[in-house]
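Trainee: Chains as they are written, first to last, in full-length UniProt numbering: chain Y, 1 to 443; chain D, 1 to 461.
The structure is given below, and queries will be raised subsequently.
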């Protein structure tokens, strides 16, 4: 029997660019002015500038250019849907193939992290204190930007490791844990204190934070994977937990022989990929709409198909079948598309009498995450269930800001959007605090 | 199929491409291989005075990920024994009667030394002799090479010694390390030379190592000036070539010119021919890629000649020389403006920034409705490829303000996207020379210039 070594089958998919590859690719960049890639990047990294710096063999300066706009540049280099963002906007799409912006960004940021080079230092102390709740991309970015401006920042994280979804929720094929933790360490070296295993509503008091700090930023992310509400649901494996196990302790992750993944977003693709790579003979993704409506990016869908993952569209699970607590299959019903529903997409409707059973010994669900439950607990106004913020990322409570997935009432949740929120919130907090310490507030 | 054969001062070869006197022509074995690949001729690496060479003798200039846009060297003339060279020359010529075998020579500056070397070369059966008055390193310090080429009197004197002895064609190779190549060329003509060739390499320091602070290449902790050659020097060579072709004395002498200096492709070759070269020498491109490039040099040149209706090399030689002029005779009323093909434009905005930062500020960015927009005007919350691409403005030339400087045309990365369109200026043709002669005050006094501009309608923004 073939021995599967998780560290081999799950290792980062793209190898790093060699110096030569990076140089050749960087020199292919036209160095556009007011470049569309920069516009398309939610954090508006000056992409032609950082690429030019790779071309001139100034990788430290290149990393600085990246990290000035996006403190989580090493994570974003790996997890960003570049086909929809920078690379999708590259002018070379018209003539040849776009510049490999993501991989060049990884080249430059890896360069400084591998050598322990810090491109920023903490600003002169302002005496102001800011609490950041949640050590994910939004919180870490906000904390780091505030520390660069001289504010004293403490980050409170409910999990045992900081990094949020970068640490726990993105498969190693796309981002190894070490990359996320290196970014945490960089933020800590800016003077940010990170306290883990502290959670609002459990062992951390919101009122005390508000009383003890000059401002609070909430980057708390979203909740658990919601319930499907079908019989046998207790036998379904949580997709985020599945990915987390694949990163933290892959030897112990139990993977079925015939795995069905419910959902068709990027997390679902990641779950299916993990299952397939860790030895599942057959991995099937089931989705109640069609491939036109699936939320996984086209390149993720193509990746999944290439991995040998199968798809059952217009298929809705109705019951997990089991014997003695062991999953035996997933009863499904075929669907057809009807009139548009509230989301504007055609509503899937069950086809009467079309039930069938998909054989399975493991069922994983990755159908999004629940809205942040903290909003109501903290007495914050909400918008569509998300924390409501104004254009400065400030919540309904003065001095309390929020960003990242927990405010994503519009647009799709992504790391890079969270980073931009964290950055803009930091600037807004700075503008709020700067006058009282006699600093110019223009950032 | 165009006829590529040439007869250069009596030296015949099946195509105009000769290997220049340099490392690629260091030995008989190499030249056999080159002739097998199809080279029309070879100028043997300079033989003459005894020398010793050093390691790390070649440096190079790389740019933009492209290797060896130029090479720099401190290699001297042949360090192989004279008798070995002479024997191999004889052998090569006997095996390749249809190819041009020219021998480059350089000896001490006395008539006996030159007489001796010329006789030895002629004894091999070689087709011609090239006098190396160009080497700018090592030999020049010993009073040879460019030390001769830089002083027309020396050039004339030594050429005279050679011409008194030589029975086969003699080519004088000129150094570019002068203010003008015309005086040394005239000196060679006055001494009775049969042909000219140019350019030899240009004095250069190619780089400094930023780790060690040593000179590149590092020769035992030291470095020094070396000869610069390769694609980067082509424009300099073309200018020097045309300066000979437009000099009355050189032109009237009827001496053929062998052109070299950065020839890498058949296109370069065609340009040298059009500016008056009637044989072509190649070195750096061969040092980069090997003898095999001869196939495309001939094939590309032949195809181009066919497409243009040129049947022989002679029909091409000098065809563009009559267009070489100078600023005094340019028509000041000639006007062209840049026009951007919006279908081809990929909106990289390189034209926009070049024009606005460094040229004449006449390219605007306009939105889909034709309204002027500023760069970086998008909302900071806007992102994604669709928003970036759908809102991307289009660079547009304000033709009434365009001075036709052609910078945008040069920076545009898309083929045929920006066109320089000739437009009527509404002014009668006039040259600076004519103005100097007929309206002297306009060329010497700003007030008169102002009045003249108003008179003819020239507006400077």
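From the three backbone atoms N, C-alpha and C, an ideal C-beta is built for every residue, glycine too.
Everything numeric in this text was worked out from a predicted model, so none of it was measured.
Only counting runs of 4 or more residues, tell me where the alpha helix (DSSP H) segments fall wholly within the segment 12-37 of chain D, in order along the chain.
Mentor: 28-37
Trainee: In the segment 90-103 of chain Y, which residues sit with their C-beta less than 8 angstroms from some C-beta in chain D, listed in chain order?
Mentor: Residues passing the 8 angstroms Cβ filter: 91, 92, 94, 95.
Trainee: Report the residue from D:121, D:328, D:395 whose alpha carbon sits nearest the alpha carbon of residue 349 of chain D.
Mentor: D:395
Trainee: What ranges does the beta strand (DSSP E) occupy inside the segment 403-441 of chain Y, keeping only unbroken runs of at least 3 residues that lie completely in it?
Mentor: Here no run is fully enclosed.
Trainee: With 16 as the cutoff for other CB atoms within 10 Å, does residue 100 of chain Y come out buried or exposed?
Mentor: buried
Trainee: Name the residues in the segment 39-72 of chain Y whose C-beta lies less than 8 angstroms from a C-beta of chain D; which are they?
Mentor: 39, 40, 41, 42, 44, 55
Trainee: Going along the chain, which residues of its own chain have a beta-carbon closer than 6 angstroms to the beta-carbon of residue 288 of chain D, five neighbours each way excluded?
Mentor: 68
Trainee: If we cut at 8 angstroms on Cβ distances, does residue 88 of chain Y have a partner in chain D?
Mentor: yes
Trainee: For chain D, check one thing: does any of its Cβ atoms lie closer than 8 angstroms to the Cβ of residue 80 of chain Y?
Mentor: no
Trainee: Under 8 angstroms, Cβ to Cβ, is there at least one residue of chain Y near residue 398 of chain D?
Mentor: no
Trainee: Please report the residue range of the beta strand (DSSP E) in which residue 203 of chain D lies.
Mentor: 202-204
Trainee: Counting only C-beta atoms, is residue 33 of chain Y closer than 8 angstroms to chain D at any point?
Mentor: yes
Trainee: Would you tell me roughly how many angstroms separate the C-alpha atoms of residue 328 of chain D and residue 435 of chain D, rounded to the nearest one?
Mentor: 9 angstroms
Trainee: Restricting to Cα atoms, I'd like to know which of Y:155, Y:188, Y:137, Y:143 is closest to residue 164 of chain Y.
Mentor: Y:137
Trainee: Among the residues of its own chain, which have a CB less than 8 angstroms from the CB of residue 225 of chain Y, if the five just before and after it don't count?
Mentor: 238, 239, 240, 365, 366, 367, 368, 369, 370
Trainee: In chain order, what residues of the same chain lie with their CB nearer than 7 angstroms to the CB of residue 356 of chain Y, ignoring the 5 residues before and after it?
Mentor: Same-chain partners within the cutoff: 332.
Trainee: Go through its chain and collect everything with a Cβ distance to residue 443 of chain Y's Cβ below 7 angstroms, but skip five positions before and after it.
Mentor: Residue placement at residue 443 of chain Y is poorly supported in this model, since its pLDDT is 48, which falls under 50; the coordinates still yield a value, given next. So the qualifying residues of the chain are 427, 430.
Trainee: For residue 154 of chain Y, which residues in the same chain have their Cβ closer than 6 angstroms to its Cβ, ignoring the five residues on either side in sequence?
Mentor: Closer than 6 angstroms at Cβ, skipping near neighbours: 131, 193.
Trainee: Report the rounded CA-to-CA distance for residue 78 of chain D versus residue 49 of chain D, giving the unit in angstroms.
Mentor: Whole-angstrom Cα-Cα distance: 9 angstroms.
Trainee: Just the C-alpha distance for residue 219 of chain Y and residue 381 of chain D, rounded to the nearest angstrom, thanks.
Mentor: 18 angstroms
Trainee: Using DSSP with H/G/I as helix, E/B as strand and the rest coil, what is residue 395 of chain D?
Mentor: The three-state reading of DSSP puts residue 395 of chain D in strand, counting E and B together.
Trainee: Helix, strand or coil: how does DSSP classify residue 175 of chain D here?
Mentor: coil
Trainee: According to DSSP, residue 227 of chain D sits in a beta bridge with which residue or residues?
Mentor: D:73, D:203
Trainee: Count the C-beta pairs between the segment 229-237 of chain D and the segment 106-125 of chain D that are closer than 8 angstroms, then say yes if the count reaches three, no if not.
Mentor: no
Trainee: If we call anything under 8 angstroms between Cβ atoms a contact, is residue 405 of chain Y one with residue 222 of chain Y?
Mentor: Going by C-beta atoms, residue 405 of chain Y is nearer than 8 angstroms to residue 222 of chain Y.
Trainee: Three or more C-beta pairs closer than 8 angstroms, one from the segment 314-322 of chain Y and one from the segment 331-351 of chain Y: is that the case here?
Mentor: yes
Trainee: For residue 393 of chain Y, name the three-state secondary structure that DSSP assigns.
Mentor: coil
Trainee: Could you check the C-alpha separation between residue 308 of chain D and residue 258 of chain D for me, to the nearest Å?
Mentor: 23 angstroms
Trainee: Does any C-beta atom of chain Y lie closer than 8 angstroms to the C-beta of residue 390 of chain D?
Mentor: With 8 angstroms as the cut-off, residue 390 of chain D does not count as an interface residue toward chain Y.
Trainee: Whose Cβ in chain Y lies nearer than 8 angstroms to the Cβ of residue 413 of chain D?
Mentor: 30
Trainee: Please confirm whether residue 59 of chain D has its beta-carbon closer than 8 angstroms to some beta-carbon of chain Y.
Mentor: no
Trainee: Leaving aside the five residues before and after residue 98 of chain Y along the sequence, list all residues of the same chain whose C-beta is less than 7 angstroms from its C-beta, in chain order.
Mentor: By the criterion of a C-beta distance shorter than 7 angstroms, residue 98 of chain Y is surrounded in its chain by 87, 90, 92, once the five residues flanking it on both sides are discounted.
Trainee: When you compare the CB of residue 389 of chain Y with every CB in chain D, is at least one pair closer than 8 angstroms?
Mentor: Not an interface residue.
Trainee: Starting from the beta carbon of residue 375 of chain D, find every residue of chain Y whose beta carbon is closer than 9 angstroms, and list them in chain order.
Mentor: Close to residue 375 of chain D, with beta-carbon spacing below 9 angstroms, are these residues of chain Y in chain order: 33, 34.
Trainee: Could you tell me which chain Y residues have their CB closer than 7 angstroms to the CB of residue 409 of chain D, listed as they occur along the chain?
Mentor: By Cβ distance, chain Y contributes nothing, its closest Cβ being about 16 angstroms from residue 409 of chain D, past 7 angstroms.
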